[in-house]
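Novice: Under this note's numbering, the residues of the sequence shown are numbered 137 to 621, in order.
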Amino acid sequence: MTEKFDSLNPATGEVVGTHPVDDAAAVDATVARARAMVEWWTSIGFDGRKDVLDRWRRVITHRLDELVEVVHLETGKPRPDALLEATLALDHLQWAAANAKKVLGRRRMSPGLLMANQAAQLEYRPLGVVGVIGPWNYPVFTPMGSISYALAAGNPVVFKPSEHTPGVGVWLADSLGDVLHDQSIFSVVTGFGETGAALCRADIDKLAFTGSGPTGKRIMAACAEKLIPVIIEAGGKDPLLVDEDADIAAAADAAAWGAFSNAGQTCTGVERVYVHERVYDEFLGELTRIASGARGAADGNYGPMTMPKQLDVVRRHIDDALARGGRAVVGGPDAVGERFVQPTVLVDVPEDSTAVTEETFGPTVTVRKVRDMDEAVELANATTYGLGGTVFGRKRAEELAWRLRSGMTAINAVIAFAGVPSLPFGGIGESGFGRIHGADGLREFTYAKSVTRQRMKPALALTTLARDAKTDERLGKLVKFIYGR
Ligand code: NAD
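1) By the DSSP assignment, the alpha helix (DSSP H) with residue 510 in it spans what residues?
2) Please determine whether the Cβ atom of residue 497 lies at a distance below 7 Å from any heavy atom of ligand 1.
3) Run through DSSP, which three-state label would residue 390 get?
4) Can you name, in chain order, every residue of its own chain whose Cβ lies under 6 Å from the Cβ of residue 272, other than the five neighbours on each side?
5) Where does residue 434 sit, in a helix, a strand or coil, going by DSSP?
6) My understanding is that residue 427 touches residue 466, with C-beta atoms under 8 Å, so please give their C-beta distance in whole angstroms.
7) What whole-angstrom Cβ distance do residue 367 and residue 267 have, given they're in contact under 8 Å?
8) Terminal residues of the continuous beta strand (DSSP E) containing residue 360?
9) May I ask you to list the residues that DSSP assigns as paired with residue 170?
10) Could you check whether the stretch 329 to 347 touches the stretch 301 to 315, counting it as contact only if at least three pairs of C-beta atoms, one from each stretch, sit closer than 8 Å?
11) Could you check if residue 568 is buried or exposed, using at least 16 other CB atoms within 10 Å of its CB as the buried criterion?
12) Decide if residue 444 is buried, meaning its Cβ has at least 16 other Cβ atoms within 10 Å, or exposed.
13) For residue 259, which residues does DSSP report across the bridge?
14) In the DSSP assignment, find the alpha helix (DSSP H) that holds residue 332 and state where it starts and stops.
15) In chain order, what residues of the same chain lie with their CB nearer than 7 Å to the CB of residue 509, ignoring the 5 residues before and after it?
16) Which of the three DSSP states is assigned to residue 368 in this structure?
17) Taking 6 Å as the limit between beta carbons, can you name the residues of its chain near residue 232, skipping five residues before and five after?
18) Under 7 Å from any heavy atom of ligand 1, does the C-beta of residue 272 make it?
19) Nearest by alpha-carbon distance to residue 439: which of 401, 470, 425 is it?
20) Buried or exposed for residue 193, please, with buried defined as at least 16 other CB atoms from any protein chain shown within 10 angstroms of its CB.
21) Who are the Cβ neighbours of residue 147 in its own chain at under 7 Å, not counting the five residues just before and after it?
22) Residue 333: beta carbon under 7 Å from a heavy atom of ligand 1?
23) Please go through the same chain and pick out, in chain order, the residues whose beta-carbon is closer than 8 Å to the beta-carbon of residue 452, but skip the five residues on each side of it.
24) Assuming contact is defined by CB atoms lying nearer than 8 Å, are residue 459 and residue 480 in contact in what I supplied?
25) Measuring straight from C-alpha to C-alpha, what distance separates residue 331 and residue 357?
26) Excluding five sequence neighbours on each side, which residues of the same chain lie with their C-beta closer than 6 Å to the C-beta of residue 586?
27) Determine which residues share a DSSP beta bridge with residue 500 and list them.
28) For residue 267, which residues does DSSP report across the bridge?
29) For residue 274, count neighbouring Cβ atoms within 10 angstroms of its own Cβ and tell me buried if that reaches 16, exposed if not.
30) For the beta strand (DSSP E) holding residue 525, just list the boundary residues, first then last.
31) Suppose the cutoff is 7 Å on Cβ atoms and the five residues either side in sequence are ignored; what does the same chain contact list for residue 391 look like?
32) Roughly how far, in whole angstroms, is the beta-carbon of residue 520 from the beta-carbon of residue 566, given that I think they are within contact range, below 8 Å?
33) Among residues of its own chain, excluding the 5 on either side of residue 583, which ones have a beta-carbon nearer than 8 Å to its beta-carbon?
34) Could you tell me how far apart the beta carbons of residue 270 and residue 295 are, in whole angstroms, since I believe they sit closer than 8 Å?
35) Near residue 541, which residues of its chain fall below 6 Å by C-beta distance, leaving aside the five closest residues on each side in sequence?
36) Who does residue 590 pair with in a DSSP beta bridge?
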């Protein structure tokens, strides 16, 4: 008999649903069903796939209340936050379906001067079956960033949602069932890490992972056995920079939302703030005011910690900051409750404290005064992560944004890059590699196929064993003429 597990409401501990713990045999069978769909899903072409994905988007939109409810129950996040993440996911689904043909379709390429007798063409072709392994913090938006783009690029997908949010994954696959009744182009397997590990070892052609760095390394190692390519979207320690000419009220509002919304359980959440000394007091005053009025509660500004063990990480980081001379101007050790953590603002924290160096993934933020923005950039970049970041300012904001060593930066807004579907999303360093979203996100689930046809005989016959000395001499002259100038 198949083993089962419960998904729980983290705000109350109540059981939300019960799901199978899929073992390797069940995962293999699901992947085999997806494999059987490769030919059909490829054969209907970009227009056929766009039609299916557009219809799916409309189904999700019509049934949005159900999706919001299951996200709310499984993560504990307020319904409006669940609605926001679902809305962004719908926008990406639409963009991927609408742009796949333009980005991936067959096109002529210039053959160059030397090969002017060739007609060169390029097309990005689907890889086959894509496995997606997702986290629980944005259980719709995050995996759909891989699922939508992989499907639009022509790959059937098998998705392993987090064990904390299996119901969301099952709901998504079921909703596609309203469009395609028994076509397994998108299926779900449920379970814990072992189910994910089985997906890595199944007959897939690429694996897109979003989750923690340590799991990402295990996934890479498992996929390496069969040379299966991977995308790793891992954690972050994103900075927010506030320059002296910034709109301070807007910067504090953005810092508060970036740090505390979703209980700080956001990969691109604001975890560190660097503020120009001329506006430090004003900024800290404003952030303190907002943080003091915010509350983590079932009916508060944000919900509970989804994973109980994360409470220990948050507590450890706050304790480390305080033990090393830091101060909590809002919150502190008492802010960490049994399920909820209250907003915590830490100042004077040394840069080698774990509160600054490690991903906290809780509603806490460190704020540091800097003498100028060059120091802010230097400190912001002194991290092993490199996911996103934010700059608030006017004159130098753009320059500072390009100097931040990370995959994405938003100026005068927070996390805005995640909502712009044409912009690739992903990090560098310990934040991972590979991109979802945008044209890069579509190409990530394809391979480049090049074809070139000889239109006429070349002026110089170079690739023949009958090549003569005269040809070699002409080639020598031609090379000097073309490349030597
Ligand atoms: P996690 O690494 O614990 O789990 C992620 C997924 O991996 C889950 O589905 C889990 O069951 C599965 N898994 C666990 N062990 C596995 C194994 N050995 N083989 C295969 N699969 C396995 O991460 P989490 O706690 O669910 O998510 C939080 C983390 O995700 C944070 O670090 C956060 O920053 C990161 N995150 C990153 C992004 C991004 O886009 N960069 C987005 C959201 C979350």
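Think of the CB as a built atom: it goes at the ideal place given N, C-alpha and C, for glycine as much as any other residue.
Specialist: In short:
1) 509 to 517
2) yes
3) helix
4) 298, 300, 301, 442
5) coil
6) 4 Å
7) No, residue 367 and residue 267 are not in contact; Cβ-Cβ is about 11 Å, not under 8 Å.
8) Unbroken run through residue 360 is the alpha helix (DSSP H), 349 to 360; no beta strand (DSSP E).
9) Per DSSP, none; premise fails for residue 170.
10) no
11) buried
12) exposed
13) 585
14) 329 to 337
15) 377, 379, 412, 532, 536
16) strand
17) 284, 285, 288
18) yes
19) 401
20) buried
21) 212, 434, 439, 440, 475
22) yes
23) 490
24) no
25) 16 Å
26) 258
27) 480
28) 294, 343
29) buried
30) Premise fails: residue 525 is in no beta strand (DSSP E) and is neither H nor E.
31) 376, 406, 409, 423, 501
32) 5 Å
33) 260, 261, 263
34) 7 Å
35) 517, 522
36) 254
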